[in-house]
Amino acid sequence: MSHQLPEDGQSPTITAPTADTPEAKPAEVHPAADDPHALLIVDRVLKYFPIRRGIFVRRQVGSVKAVDGVSFSVRAGETLGLVGESGCGKSTTGRVIARLLDPTSGSIRFNGREIAKLKREEMRLLRRDIQMIFQDPYSSLNPRHTIGTIVGAPFRVQEVKTENGVKAAVQTLMERVGLNPEHYNRYPNEFSGGQRQRIGIARAIALHPKLVVCDEPVSALDVSIQAQVVNLLEDLQSEFDLAYVFIAHDLSVVRHISDRVAVMYLGKIMELADRDVLYAEPMHPYTHGLMSAVPIPDPKKEAQRTRILLTGDLPSPVDPPSGCVFHTRCPKYREELTDVQKERCRVEIPELETKRESHFVACHFAEVRAEVVGEDIETPATVNVP
Amino acid sequence: MARFLIRRTAALIALLIAVSIITFLLYNLGPADVAANTCGKSCTPERIAQTKVALGLDQPLITQYLQYMKGLLVGREMGPPSGRYHCDWPCFGRSFQNNQFVWDVIKQALPYTVSLAVGAAIIWLTVGVSFGIIAGLNRGKWQDKLAVATSSFGVSLPVPLIGLTLILLVNTKWQLLPYTTSASTWPWDPPGPVAWFQNYLLPWLTLAAVFSAAYVRLTRANMIETMGEDYIRTARAKGLPKRTVTLKHGLRAAITPIVTIFGLDLGGLLGGAVLTEQIFSLPGLGKTSVNAVVSDDLPIIIGIVLVAAFFIIFANIIVDILYAVIDPRVRLT
Amino acid sequence: MTAQELPVELDFAGHQLSDSDAFLQVRDLRVEFPTEDGLVKAVNGINLDVVRGTTLGIVGESGSGKSVTSQAIMGLLKGTSAQVTGTVTLDGQDLVRASEADMRKLRGDVVSMIFQDPLSSMHPFYRIGDQISEAYLVHNHVGKKAAHKATVDMLARVGIPNPASRYSDYPHQFSGGMRQRAMIAMALICNPKLLIADEPTTALDVTVQAQILELIKDLQKEFNSAVMLITHDLGVVAETCDSVLVMYGGQCVEMGTVDEIFYHPEMPYTWGLLGSMPRMDRTRQARLQAIAGQPPSLIRVPKGCVFNPRCRFTEHVKDNACREVHPELEQAAGSHFVRCHIDSAERKRIWSSEIVPKL
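Shown next as structure tokens:
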């Protein structure tokens, strides 16, 4: 099933029917998004940002293909990790899911209901259920609002009645995230980065949402504070049965917190699998390169590793490479493929296909490589010293 | 860069057209009865009606506007059927008071305003920026406090006070300089550059005192911010001498907001520095426009408005270009 | 003997250093900033050695004083309100007492620094090639053409394609990885003997980080430079460093070779760091071993051991010494020094029985 690339001014076509047309048979959904029990289904979502040039009349000359067809599903209470480097579109995807941005085309279904085209007022009610945590604890909190105002805002905006008043509810939340409830009237600049992030978390979970999009929530924090916040997120998840879309560039953190992981590159998903499967048996050359590049805090393992180095820089999302967007940097393309195979990579866009049981890969020549991550080899530290 | 220039020039033209439309509407829909004013005080109603036709005021507004624009660009024929005359471009009409061509009046007044504005601008720019640099580099120390205090002093005194005090002391009491006259226009015209300099010195100091304060503050703040930037740290880490770090790396980055404000200030001032011209009796655009307002001389008022608008918009474009020259990020994106 | 008592000519293992060995020696470096809220003790007694051809990693979180240490060594704090005491010896020359003019001769020439954010660390208005040539011209009496050539050669050496044409580009026209390479070129153009890298890859993607770290290692081998790498990422340390210094609250709490720190750490803060990192190479733990609490205030430095408010093991020390007595940096093995009151044998026991199984 294809979708139209929207011209400027045309409204995008949605491939999946809305919940308002129950007579229509549900059309086929991308296999990566096909999950009847899912809380969130994202089906072939695109987000293009137009580039306008011109002296007097600015015409669209191209677009930044920030998100170029992503499909996945998230179940209630589980965490989907969205991992990739800068410019891969993971943050944009997060914002589109949370409807802070409108998708250019594609379908987003939440609890069975199509939300991609919802109008503002309808979306407003949905914001009780879908929330977002942001990356920068220093700029994502209004410095002129007290903590009480910030965390209490969801109650006021959504006109939710509380038992003992908003203040009591806010203080309970503050305590739950590890802040001192007496600091109700303090301003953000009186708190450290880790504490500010907790404030952001408190605000996000205030109304017990079903889905929280976490956009790099720990990247700006110190390692020891990161661990505290990650633990907090996990505790909150089991307590409130939250689903997370956890966006990050740190593979180690994503491995710790996610149930399933999607690897993104230049707006597309390269690989999507259950966490343990992805980290033990990755199949996409980009995933191999990514895992190979992560430095491991173990000197002996580091010295023994075979490194797969990706050369060059990320291509521009304005003008992505033809065929497989990764072929310009792909070590497999460079070193292992025949000319005929290389031609295929240059010309044919690989679809995200099921290669193994719930393991999706977008590569013409995917194969498992287990040795990219240094496995549990015997080092002095793991041997018990009497 | 070329595309940038084309776009800015087009903006200039568009803005000027907009200003001309507004002024034209003011002229014709405003309270003053143009025909009666043109005709004179002792005019009968029939003569006024005739004048109306002669001036083309019975025509539809759009025709009048186009006639006006034609006059501005290439010149046009004006006047009653019996006494048609040619009004050269730029044609702003004739003064109600003495029937002089408005453009001639403006041409006469322009040298005074330009001499005043440009001279004062050079003084306030050099003084303001250098005091600001010194203050910024010595934050908290006596140089900083002194520089800020002196300039604040200047800005808190009203222009008439500064001007009149200077006249009292320098001209009258100590007799260091002759009184300002309207004899000196351009420095290359008689009575010569030295006389020109002496003539304008006091007005320059008066104006500069007021503007410097803003420049000292702005430069100081920008220098403090710029010197805290990471690339200054890198410059020091490379082992560059202090002067290079401060001026080549620091000042160039700090200067851009100052360029913007300078353009606006100078552009505005070229439309006439009303108070200063009045105090020093310099018949520049400011004094002329005050006289015109007082005597309801619409053609002169509108002429000066258009000229002033032109200067401001033109100054803005120059500032934009300078911005692009200083900051490569502007011209390459 | 304790670190403060060591004479300058010995390294930490007690070996006699010849002139060609320890290139940078720092003894009892202290940096204090007077502020409105009080005296900030940013660096509170640091000792370190860096030998040519080796890499010293300084690990710490924000507020540990690691960046201030490097800036003090470079003399970048002269002229600010900072008060710097102690000895910093670079190739025999005392830097703390050196004049600003002397320091300027050394900076960029004998000791160079690269910074975390290459976009903000380069002047946005000048071409990259010109900025690099500038560094060359200031320390070498040559003409502009010679400097231009040296710059183009260096850009090629750090792996920037089309160096001749990229000479005329501005920083914002480079990608993040290329900018950091250009920054490295700028630092190494005068062939310095000591390179200080302050979080050089923190702002970069992980695949680019791998390239940059490879580059630094290659260049170190080629120029036989001493490298001081400041970072918060223990993975980077494991990959690149020969010896490690762990900083906390402005002090060194543990130092040693990279093997000693990763396989036999003996300081609870180091344990905490190792335990709070999620690892890709180990069995996944249900919960990260976070260190409770916040980094300490540098104005009201905790009495006793600077880590004691967050330490889980203070009960292993008698008489409440952790809260009262400031521990000295003591030798645990050859080059391994630890600042902790807990008895060494006890620390080894805790490490292997309590910490390792949970990693």
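Residue numbers (this note's numbering), protein chains in the order written: chain A, 1 to 386; chain B, 1 to 333; chain C, 1 to 359.
Note that CB positions come from ideal geometry on N, CA and C, so glycine has one too.
Can you list, in chain order, the residues of its chain whose CB lies under 8 Å from that of residue i, leaving out five sequence neighbours each side?
{"i": "Thr-379 (chain A)", "result": "At Thr-379 (chain A), the pLDDT of 37 sits below 50, so the modelled position is not reliable and the matter cannot be decided from this model."}
{"i": "Gln-341 (chain A)", "result": "His-364 and Phe-365"}
{"i": "Leu-137 (chain C)", "result": "Lys-144 and Ala-147"}
{"i": "Ile-326 (chain B)", "result": "Arg-252, Ile-255, Thr-256 and Val-259"}
{"i": "Arg-331 (chain B)", "result": "Met-1, Phe-4, Ala-324 and Val-325"}
Rank the options by C-alpha distance to the C-alpha of residue i and give the top, closest one.
{"i": "Asn-44 (chain C)", "options": "C:Phe-23, C:Ala-82 and C:Val-50", "result": "C:Ala-82"}
{"i": "Met-183 (chain C)", "options": "C:Asn-162, C:Gly-143 and C:Asp-130", "result": "C:Asp-130"}
{"i": "Lys-13 (chain B)", "options": "B:Ile-318, B:Asp-327 and B:Phe-314", "result": "First, the residue type needs correcting, since residue 13 (chain B) is Ile and not Lys in the sequence shown. Looking at the Cα atoms, B:Phe-314 is the closest of the given residues."}
{"i": "Leu-100 (chain A)", "options": "A:Arg-75, A:Asp-259, A:Phe-134 and A:Leu-337", "result": "A:Phe-134"}
{"i": "Ser-358 (chain A)", "options": "A:Glu-163, A:Met-283 and A:Val-340", "result": "A:Met-283"}
{"i": "Pro-143 (chain A)", "options": "A:Gly-200, A:Glu-234 and A:Glu-216", "result": "A:Gly-200"}
{"i": "Ile-353 (chain B)", "options": "B:Asp-265, B:Val-294 and B:Asp-296", "result": "This structure leaves residue 353 (chain B) out entirely; chain B is present only between 1 and 333."}
{"i": "Arg-255 (chain A)", "options": "A:Phe-365, A:Leu-236, A:Tyr-265 and A:Arg-275", "result": "A:Arg-275"}
{"i": "Asn-28 (chain B)", "options": "B:Thr-63, B:Ala-10 and B:Ile-6", "result": "B:Thr-63"}
{"i": "Leu-194 (chain C)", "options": "C:Val-206, C:Asp-259, C:Arg-157 and C:Ile-73", "result": "C:Ile-73"}
{"i": "Asp-104 (chain B)", "options": "B:Asp-88, B:Gly-272 and B:Val-114", "result": "B:Asp-88"}
{"i": "Lys-41 (chain B)", "options": "B:Phe-96, B:Ala-10, B:Gly-132 and B:Ile-321", "result": "B:Phe-96"}
{"i": "Arg-52 (chain A)", "options": "A:Gly-62, A:Ala-116 and A:Val-160", "result": "A:Gly-62"}
{"i": "Thr-85 (chain C)", "options": "C:Glu-61, C:Gly-65 and C:Asp-28", "result": "C:Asp-28"}
{"i": "His-341 (chain C)", "options": "C:Glu-315, C:Arg-166, C:Glu-354 and C:Asp-242", "result": "C:Glu-315"}
{"i": "Phe-49 (chain A)", "options": "A:Cys-88, A:Glu-85 and A:Pro-103", "result": "A:Pro-103"}
{"i": "Thr-283 (chain C)", "options": "C:Leu-359, C:Cys-322, C:Val-51 and C:Ile-160", "result": "C:Leu-359"}
{"i": "Gln-71 (chain C)", "options": "C:Glu-61, C:Val-96 and C:Gly-92", "result": "C:Val-96"}
{"i": "Lys-66 (chain C)", "options": "C:Val-31, C:Met-280 and C:Glu-266", "result": "C:Val-31"}
{"i": "Ala-109 (chain B)", "options": "B:Asn-99, B:Ala-195, B:Asn-138 and B:Thr-288", "result": "B:Thr-288"}
{"i": "Asp-102 (chain C)", "options": "C:Gly-75, C:Leu-119 and C:Pro-124", "result": "C:Gly-75"}
{"i": "His-336 (chain C)", "options": "C:Glu-266, C:Arg-52 and C:Met-154", "result": "C:Glu-266"}
{"i": "Cys-345 (chain A)", "options": "A:Thr-328, A:Leu-352 and A:Arg-356", "result": "A:Thr-328"}
{"i": "Lys-185 (chain B)", "options": "B:Gly-267, B:Pro-299, B:Ala-117 and B:Phe-24", "result": "The amino acid occupying residue 185 (chain B) in the given sequence is Thr; Lys does not appear at that position. Considering only alpha carbons, the answer is B:Ala-117."}
Can you list, in chain order, the residues of its chain whose CB lies under 7 Å from that of residue i, leaving out five sequence neighbours each side?
{"i": "Ser-18 (chain C)", "result": "Note that Ser-18 (chain C) scores 48 on pLDDT, short of 50, meaning its location in the model is unreliable and no value can be drawn from it."}
{"i": "Gln-143 (chain B)", "result": "Ile-134 and Ala-135"}
{"i": "Val-319 (chain B)", "result": "Val-259, Thr-260 and Gly-263"}
{"i": "Asp-319 (chain C)", "result": "none"}
{"i": "Val-370 (chain A)", "result": "A quick correction: the sequence has Ala, not Val, at residue 370 (chain A). Ala-280 and Glu-281."}
{"i": "His-86 (chain B)", "result": "Gly-75 and Glu-77"}
{"i": "Val-216 (chain B)", "result": "Gly-128, Phe-131, Gly-132, Ala-135, Ala-147, Val-148 and Ser-151"}
{"i": "Arg-323 (chain C)", "result": "Lys-303, Gly-304 and Asn-308"}
Report back the beta-carbon spacing between residue i and residue j to the nearest angstrom; my notes put them in contact at under 8 Å.
{"i": "Val-263 (chain A)", "j": "Val-83 (chain A)", "result": "6 Å"}
{"i": "Val-68 (chain C)", "j": "Leu-90 (chain C)", "result": "Not a contact, Cβ separation roughly 18 Å."}
{"i": "Thr-151 (chain C)", "j": "Ile-189 (chain C)", "result": "7 Å"}
{"i": "Val-236 (chain C)", "j": "Val-294 (chain A)", "result": "About 10 Å; that fails the 8 Å criterion."}
{"i": "Leu-270 (chain B)", "j": "Val-53 (chain B)", "result": "No, Leu-270 (chain B) and Val-53 (chain B) are not in contact; Cβ-Cβ is about 38 Å, not under 8 Å."}
{"i": "Leu-39 (chain C)", "j": "Ile-299 (chain C)", "result": "7 Å"}
{"i": "Thr-180 (chain B)", "j": "Phe-280 (chain B)", "result": "4 Å"}
{"i": "Pro-154 (chain A)", "j": "Ala-206 (chain A)", "result": "4 Å"}
Beta-carbon within less than 6 Å of residue i's beta-carbon, same chain only, minus the 5 sequence neighbours each way: which residues are those?
{"i": "Pro-22 (chain A)", "result": "For Pro-22 (chain A), the pLDDT reaches just 42, beneath the cut-off of 50, and the residue's location in the model is therefore unreliable, although a value from the coordinates is still provided. Hits under 6 Å: none found."}
{"i": "Ile-350 (chain C)", "result": "none"}
{"i": "Ser-182 (chain B)", "result": "Pro-283"}
Residue ranges of each alpha helix (DSSP H) within the region 223-264 of chain B, 4 or longer:
Runs of alpha helix (DSSP H) with 4 or more residues, each lying fully within the region 223-264 of chain B, are found at 230-237, listed in chain order.
| said: If the cut-off is 7 Å on Cβ atoms, which residues from the region 140-154 of chain C count as contacting chain E, listed in chain order? | reply: Judged by its chain identifiers, the structure shown contains no chain E, and its protein chains are A, B and C.
Quiz item: Does the region 247-261 of chain A come within contact of the region 185-194 of chain A, defined as at least 3 CB pairs closer than 8 Å?
Solution: Not touching, per the Cβ criterion.
Review point. Given 8 Å as the limit, is there contact between the region 225-239 of chain B and the region 107-127 of chain C, that is, 3 or more CB pairs closer than that?
Key: Flag = yes, the region 225-239 of chain B and the region 107-127 of chain C touch.
Practice prompt. Pick out the complete beta strand (DSSP E) segments inside the region 45-120 of chain B, 3 residues or longer, and give them in chain order.
Written response: Entirely contained in the region 45-120 of chain B, the beta strand (DSSP E) runs reaching 3 residues are, in chain order, 76-78 and 85-87.
Count Cβ pairs between the region 265-277 of chain B and the region 158-165 of chain B that sit closer than 8 Å; are there 3 or more? The region 265-277 of chain B vs the region 158-165 of chain B: in contact.
How do the region 245-257 of chain C and the region 37-53 of chain C stand: do at least 3 beta-carbon pairs fall below 8 Å, yes or no?
-> Counting Cβ pairs under 8 Å, three or more are found: they touch.
Check your understanding: Are at least three pairs of beta-carbons, each pair with one atom in the region 14-26 of chain B and one in the region 301-315 of chain A, less than 8 Å apart?
Key -> No: the two stretches stay apart, fewer than three of their Cβ pairs being nearer than 8 Å.
* Three CB pairs or more closer than 8 Å across the region 65-74 of chain A and the region 32-45 of chain A -> Under the three-pair Cβ rule at 8 Å, the region 65-74 of chain A counts as touching the region 32-45 of chain A.
Please give the ranges of any alpha helix (DSSP H) in the region 200-268 of chain C, keeping only runs that are unbroken, at least 4 residues long and fully inside the region. Every alpha helix (DSSP H) of 4 residues or more that sits fully in the region 200-268 of chain C is shown, in chain order, as 206-223, 234-240 and 258-263.
Along the chain, which unbroken stretches of the alpha helix (DSSP H) at least 4 residues long are found entirely within the region 279-337 of chain C?
-> If only complete runs of 4 or more residues are kept, the region 279-337 of chain C shows the alpha helix (DSSP H) at 321-324, in order along the chain.
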